[in-house]
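Q:
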Amino acid sequence: MSRASSVCPLVTDESPPPPYVTKNTPTNAYEMTHTNGSVVGILVRSKTGDHDTDVTGIDARHHVVQNDDDDSDIHLTYYEAMSPLFKFMQFMGLWHAEVIKPPKAKSKSRKILNSRNYSIVVLIFLWINLVRFLPAFFVGAELDPSRLYFKVIYMTVLLQAALNASVNFWAASRTKMLRQYFFHFEKYIQQDAENKLDLGWLRRRSKAFAAVAILYVCCHFLNQVVGVFGPVESIRNSTNIFVAPFYPHIGLHVVCIYLNIYAFASWIFPLLYFLLTCQLMSRLFQDFDERIEKETKRATAEKIFPPNFEKLRRQHQHLCESVSLANSGLFTYINLITYLTMGPLACFMLYQLLFSQGIAGNISAYLMYGIWLSSIFINVCVVSWYAAVMSSKAHDPRDDCYVCVVKDVSNEQLMQMNLFLSRLNGEDIGFTIFDLVTITKPFILTLGGLVLTYYAIISEFQG
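Counting from 1, one number per residue, gives the positions in the sequence shown under full-length UniProt numbering.
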């Protein structure tokens, strides 16, 4: 029997594939590889031992890749597992990217009423709210020096919210960059049976993080509502800061409460998206470390070099590339905003709580400082810790490499080992602050040392 008559024609780029040939079909499954790089996998089932009858069933599970740059047929399961968090971000105007099958043509209504334009409106209102508040330091009803501390806190929150929303809008508008990150994750991690992430776990975590963000926004919303309309006069007076430089009015309070919902959402959602990414990458690096430890121990027991070392090295490299793409696409800028705004504010608030006489006996002032200092602690310390743990886990396989048997190994195997060790011992793997410094455990120690130094200096001056 000739080869031409026993298999289906190959898929070509010039024309769609013809109908499957049903005569003289082999009984076993087969896989064919085109010489131009396209792959067609077809599982064919026929009656056993009867080559003259038609095929009784065809289970065509195909994955066609025209070239390395064409990822149109990849199903983004990773992106879909993250969708619970993305949907709430989209609801708050913080996400408008159409990563999965972007529409080629939009109707007239869709050109106006879409998530991108909604994000623009939210972004405009956030910046207007910030600019509106800036004159409160010079004019208006809240010029008492004791109110300066509240105004600094509120202005910092509005600034960080506007900057976070701006960076998220810019990142979501770079569709090519986003698709590159999600397609890379899907193609090199999720389609690797050994390296892939448990999507059920990711979806549950995504829902949990979205719930935390919603709870956070609701708590701040209720806190402001109770402050404005509650029975405690001192707290009601402190909430007048929100409408400065205008004089207090119930209508202005309602508008500011509504705008602050978006401000608090812009503050918390990017933070939780970053924490979720750190957590899932830590999980992947930990799973990889367990695999390579098992392989190296097995090879060491047999006194041979790990036979699949190159495969493991490339799996680790794909994980590192995912971190790099996520960092350069969004998180390096979010981290810059976080540390530039929250760091100075934390120092200011710590000084006020410990040494300021202007808030002595003011319960509402202590309450507000306590709430915001706790928020800053969560923002800075938790972000730093999650990112540092992920970076540490990315370098953990280094110890496993040192136990490998390198006696009588080939030059190719030595090259593989050297490449892997140079990656692990070289530049830190992790998320950065504007590509200036990588967030690692030594970086956290440096931050802690700076805080202690600051406390010692101000204590000395106050003493």
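Every residue gets a Cβ at the ideal spot worked out from N, C-alpha and C, and that includes glycine.
Any chance you could list the alpha helix (DSSP H) runs of at least 4 consecutive residues sitting entirely within the stretch 138-181, in chain order?
A: Counting only runs of 4 or more, we get 148-173.
Q: Secondary structure at residue 438, three-state DSSP: helix, strand or coil?
A: Here residue 438 is taken as the residue at index 438 of the sequence shown, counted from 1. In this structure, residue 438 counts as strand in the three-state DSSP scheme.
Q: Mind checking whether residue 266 and residue 141 have CB atoms under 8 Å apart?
A: In the sequence shown, counting from the first residue as 1, residue 266 sits at position 266. In the sequence shown, counting from the first residue as 1, residue 141 sits at position 141. No. Outside cutoff.
Q: According to DSSP, is residue 264 part of a helix, a strand, or is it coil?
A: Position 264 of the sequence shown, counted from the first residue, corresponds to residue 264. Residue 264 falls in the helix class under three-state DSSP.
Q: Which same chain residues, not among the five before or five after residue 321, have their C-beta less than 7 Å away from its C-beta?
A: Looking up residue 321 in the sequence shown gives position 321. Here the set comprises 184.
Q: Restricting to Cα atoms, I'd like to know which of 239, 300, 145 is closest to residue 407.
A: Locating residue 407 in the sequence shown gives position 407, where the first residue counts as 1. Nearest C-alpha to residue 407: 300.
Q: Roughly how many angstroms separate the alpha carbons of residue 23 and residue 311, rounded to a whole number?
A: Here residue 23 is taken as the residue at index 23 of the sequence shown, counted from 1. Here residue 311 is taken as the residue at index 311 of the sequence shown, counted from 1. Because residue 23 sits at a pLDDT of 43, beneath the cut-off of 50, its placement in the model cannot be relied upon, and the following sentence gives the value as read from the coordinates. Between residue 23 and residue 311, the C-alpha separation is close to 40 Å.
Q: Output needed for residue 84: all residues of its chain with C-beta closer than 6 Å, excluding positions within five of it in sequence on either side, in chain order.
A: If you number the sequence shown from 1, residue 84 lands on position 84. Cβ within range, chain order: 206, 207, 210.
Q: Within this structure, are the beta carbons of residue 371 and residue 346 separated by less than 8 Å?
A: In the sequence shown, residue 371 corresponds to position 371, counting from 1. In the sequence shown, residue 346 corresponds to position 346, counting from 1. Contact: no.
Q: How about residue 394 and residue 440: are their beta carbons less than 8 Å apart?
A: To locate residue 394, count along the sequence shown from 1; it is residue 394. To locate residue 440, count along the sequence shown from 1; it is residue 440. Contact: no.
Q: How long is the line joining the alpha carbons of residue 130 and residue 314, rounded to whole angstroms?
A: Mapped onto the sequence shown, residue 130 falls at position 130. Mapped onto the sequence shown, residue 314 falls at position 314. Each residue's alpha carbon lies about 47 Å from the other.
Q: Taking residue 88 and residue 213 to be in contact with their CB atoms under 8 Å, please state how far apart those CB atoms are, rounded to whole angstroms.
A: As a first step, residue 88 is located in the sequence shown; it is residue number 88 there, counting from the start. As a first step, residue 213 is located in the sequence shown; it is residue number 213 there, counting from the start. Yes, they are in contact, since the Cβ atoms of residue 88 and residue 213 sit about 7 Å apart, within 8 Å.
Q: Tell me which same chain residues have a C-beta within less than 6 Å of the C-beta of residue 35, skipping the five on either side of it?
A: Here residue 35 is taken as the residue at index 35 of the sequence shown, counted from 1. Because the pLDDT at residue 35 is just 38, under 50, the model does not fix this residue reliably, and the point stays unresolved.
Q: I'd like to know if the stretch 267-286 and the stretch 212-228 are in contact, where contact means that at least 3 CB-CB pairs between them fall below 8 Å.
A: The stretch 267-286 is in contact with the stretch 212-228.
Q: For the stretch 124-138 against the stretch 239-251, do three or more pairs of beta-carbon atoms, one drawn from each stretch, fall closer than 8 Å, so that the two count as touching?
A: Contact between the stretch 124-138 and the stretch 239-251 is present, because at least three Cβ pairs lie under 8 Å.
Q: Quick one: Cα of residue 272 to Cα of residue 428, how far?
A: On the sequence shown, position 272 is the one that residue 272 refers to. On the sequence shown, position 428 is the one that residue 428 refers to. Cα to Cα, the separation comes out at about 23 Å.
Q: For a quick check, are the C-beta atoms of residue 262 and residue 122 less than 8 Å apart?
A: Residue numbering aside, residue 262 sits at position 262 when the sequence shown is read from its first letter. Residue numbering aside, residue 122 sits at position 122 when the sequence shown is read from its first letter. Result yes, Cβ atoms of residue 262 and residue 122 sit closer than 8 Å.
Q: Identify, in the order they occur along the chain, each residue of the same chain with its Cβ nearer than 6 Å to the Cβ of residue 172, setting aside the five sequence neighbours on each side.
A: Counting from one through the sequence shown, the residue named residue 172 turns up at place 172. Cβ within range, chain order: 95, 96, 97.
Q: Looking at the unbroken alpha helix (DSSP H) that takes in residue 84, where does it start and where does it end?
A: Within the sequence shown, numbered from 1, the residue matching residue 84 stands at position 84. Segment 83-91, the alpha helix (DSSP H) holding residue 84.
Q: When you compare each of 117, 202, 150, 414 to residue 238 by their alpha carbons, which one comes out closest?
A: On the sequence shown, residue 238 is found 238 positions in, with the first residue counted as 1. Residue 238 has its Cα closest to that of 150, out of 117, 202, 150, 414.
Q: Between the stretch 151-161 and the stretch 334-353, do three or more beta carbon pairs fall short of 8 Å?
A: Yes: the two stretches touch, three or more of their Cβ pairs being nearer than 8 Å.
Q: Helix, strand or coil, according to DSSP, for residue 376 in the structure here?
A: Start at 1 with the first residue of the sequence shown, and residue 376 comes out as number 376. If DSSP states are grouped into helix, strand and coil, residue 376 belongs with the helices.
Q: Exposed or buried, residue 453, counting other C-beta atoms within 10 Å across all chains shown (16 or more means buried)?
A: Locating residue 453 in the sequence shown gives position 453, counting from the first residue. Answer is exposed; the Cβ neighbour count stays below 16.
Q: Using CA coordinates, which residue listed in 249, 400, 191, 446 is at the minimum distance from residue 298?
A: Position 298 of the sequence shown, counted from the start, is the residue given in the question as residue 298. The residue with the shortest Cα to Cα distance from residue 298 is 400.
Q: To the nearest angstrom, how far is it from the Cα of residue 414 to the Cα of residue 404?
A: Numbered from 1 along the sequence shown, position 414 holds the residue referred to as residue 414. Numbered from 1 along the sequence shown, position 404 holds the residue referred to as residue 404. Spanning the two alpha carbons is a distance of roughly 11 Å.
Q: Work out the CA separation of residue 398 and residue 412 for me, nearest whole Å.
A: By 1-based counting over the sequence shown, the position of residue 412 is 412. By 1-based counting over the sequence shown, the position of residue 398 is 398. In a straight line, the C-alpha of residue 412 is about 19 Å away from that of residue 398.
Q: Give the DSSP bridge partners of residue 432, in chain order.
A: If you number the sequence shown from 1, residue 432 lands on position 432. According to DSSP, which records beta bridges pairwise, residue 432 is partnered with 438.
Q: Grab me the residues of residue 203's own chain with a C-beta within less than 6 Å of its C-beta, minus the 5 sequence neighbours each way, in chain order.
A: The count along the sequence shown starts at 1 and reaches residue 203 at position 203. If we look at residue 203 and ignore the five residues flanking it on each side, its Cβ neighbours are 81.
Q: Go through the stretch 256-336 residue by residue and report every complete run of the alpha helix (DSSP H) that reaches 4 residues or more, in order.
A: Counting whole runs of 4 or more residues, the stretch 256-336 contains the alpha helix (DSSP H) stretches 309-326.
Q: Quick one: is residue 69 buried, meaning 16 or more other Cβ sit within 10 Å of its Cβ, or exposed?
A: Position 69 of the sequence shown holds residue 69. Its pLDDT being 49, under 50, residue 69 is placed unreliably by the model, and the measurement read from it follows with that caveat. Result: exposed.
Q: Out of curiosity, what's the CA-to-CA distance linking residue 188 and residue 252?
A: By one-based count along the sequence shown, residue 188 stands at place 188. By one-based count along the sequence shown, residue 252 stands at place 252. If you take the alpha carbons of residue 188 and residue 252, they lie about 52 Å apart.
Q: Going by DSSP in three states, residue 75 sits in which element: helix, strand or coil?
A: Stepping through the sequence shown from its first residue, residue 75 is reached at position 75. In this structure, residue 75 counts as coil in the three-state DSSP scheme.
Q: Excluding the 5 residues flanking residue 236 on each side, which residues of the same chain have their C-beta closer than 6 Å to its C-beta?
A: Locating residue 236 in the sequence shown gives position 236, where the first residue counts as 1. Cβ within range, chain order: n/a, list empty.
Q: Label residue 285 either buried or exposed according to how many other C-beta atoms from any shown protein chain fall within 10 Å of its C-beta, with 16 as the threshold for buried.
A: Numbered from 1 along the sequence shown, position 285 holds the residue referred to as residue 285. Per the 10 Å Cβ criterion, buried.
Q: What is the rounded straight-line gap between the Cα of residue 367 and the Cα of residue 178?
A: Here residue 367 corresponds to residue number 367 of the sequence shown, with the count starting at 1. Here residue 178 corresponds to residue number 178 of the sequence shown, with the count starting at 1. Rounded to whole angstroms, residue 367 to residue 178 spans 41 Å at the Cα level.
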